[in-house]
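Just below is one structure, and these are the notes that go with it.
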Amino acid sequence: MDRVGVGPRALALIIDSLIFVLGACCVLLLISLGSGGEFETTGGPAWGINALFTLLYLAYFIVLEGTSGTTLGKRVLKLKVVKVDGSPIDMRESVIRNVLRFVDGLFSYLVGAILIWTNPNKQRLGDRVANTIVVRNVPAEFDITTPGATAPTERF
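Printed below as a string of structure tokens:
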């Protein structure tokens with residue numbers, strides 16, 4: 074299994090974050106328009122909205138990775154989260170690795186990057202605790218490391 078380092082993982086996170094921020098901006102625009110343009114940016118309402126979007130951001134990763142092993146950003150880059158033995162992750166592993174994303178994300182993800190760089194399995198803290206890795210998602214028929222795999226016979 075081809076374990077993935079910091080670069081592709083960071084790019085997938087940027088794609089996921091852009092998708093989420095665009096969606097959040099649309100929701101905030103609708104809230105603002107629905108309230109006649111009056112929108113609190115400080116105090117209780119702002120804290121509530123920030124908490125809601127933080128939970129939704131976390132849920133985005135937990136649900137997508139827990140059900141398919143991938144997020145939209147990872148899918149674009151053909152990356153997948155699996156258990157160390159290569160089997161699919163479930164919700165338990167997804168919750169563990171993504172709750173710990175807040176620790177890995179400290180100092181603009183420097184903590185996670187250092188942990189990935191210093192681990193032979195390229196695991197951040199969330200991966201280490203959940204016993205997961207991020208790999209290139211190569212279809213089995215093209216994966217020459219799979220026993221019994223054959224090259225495609227089609228001509229281009």
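Throughout, the working numbering is defined as the position within the sequence shown, counted from one, plus 73.
Glycine residues also receive a C-beta, built at the ideal position from the N, C-alpha and C atoms.
If you ignore the 5 residues before and after L84, its C-beta comes within less than 8 Å of the C-beta of G146 and L150, all in its own chain and listed in chain order. If you check the CB distance, K156 and N192 do not come in under 8 Å. Counting only runs of at least 4 residues, the segment 164–215 fully encloses the following alpha helix (DSSP H) elements, listed from N- to C-terminal order: 164–172, 174–177, 179–190 and 198–203. Beta-bridge annotation (DSSP): P161 is paired with V155.
Comparing alpha carbon positions, the residue from F126, S167, L125 and D158 closest to T143 is S167. Taken atom to atom, the span from the alpha-carbon of S108 to that of L129 is near 22 Å. Judged by DSSP secondary structure, R148 falls within the alpha helix (DSSP H) whose first and last residues are L145 to V149. Each of N210, P161, L95 and G199 was checked against the Cα of F175, and the nearest Cα belongs to G199.
R76 places its beta carbon 8 Å or farther from that of I162. With 16 or more neighbouring CB atoms inside 10 Å of its own CB, F134 falls in the buried class.
Taking L188 as the centre and dropping the five residues before and after it, the same chain places the C-beta of D177, Q196, R197, L198 and R201 closer than 8 Å to its C-beta, in chain order.
Close CB contacts of L131 within its chain, under the 8 Å cut and outside five residues either way in sequence, are with N171, V172 and R174 (chain order). About 6 Å separates the beta carbon of K153 from that of V208, a gap short enough to meet the 8 Å contact definition. Rounded to whole angstroms, the gap between the alpha carbons of L102 and R82 is 30 Å.
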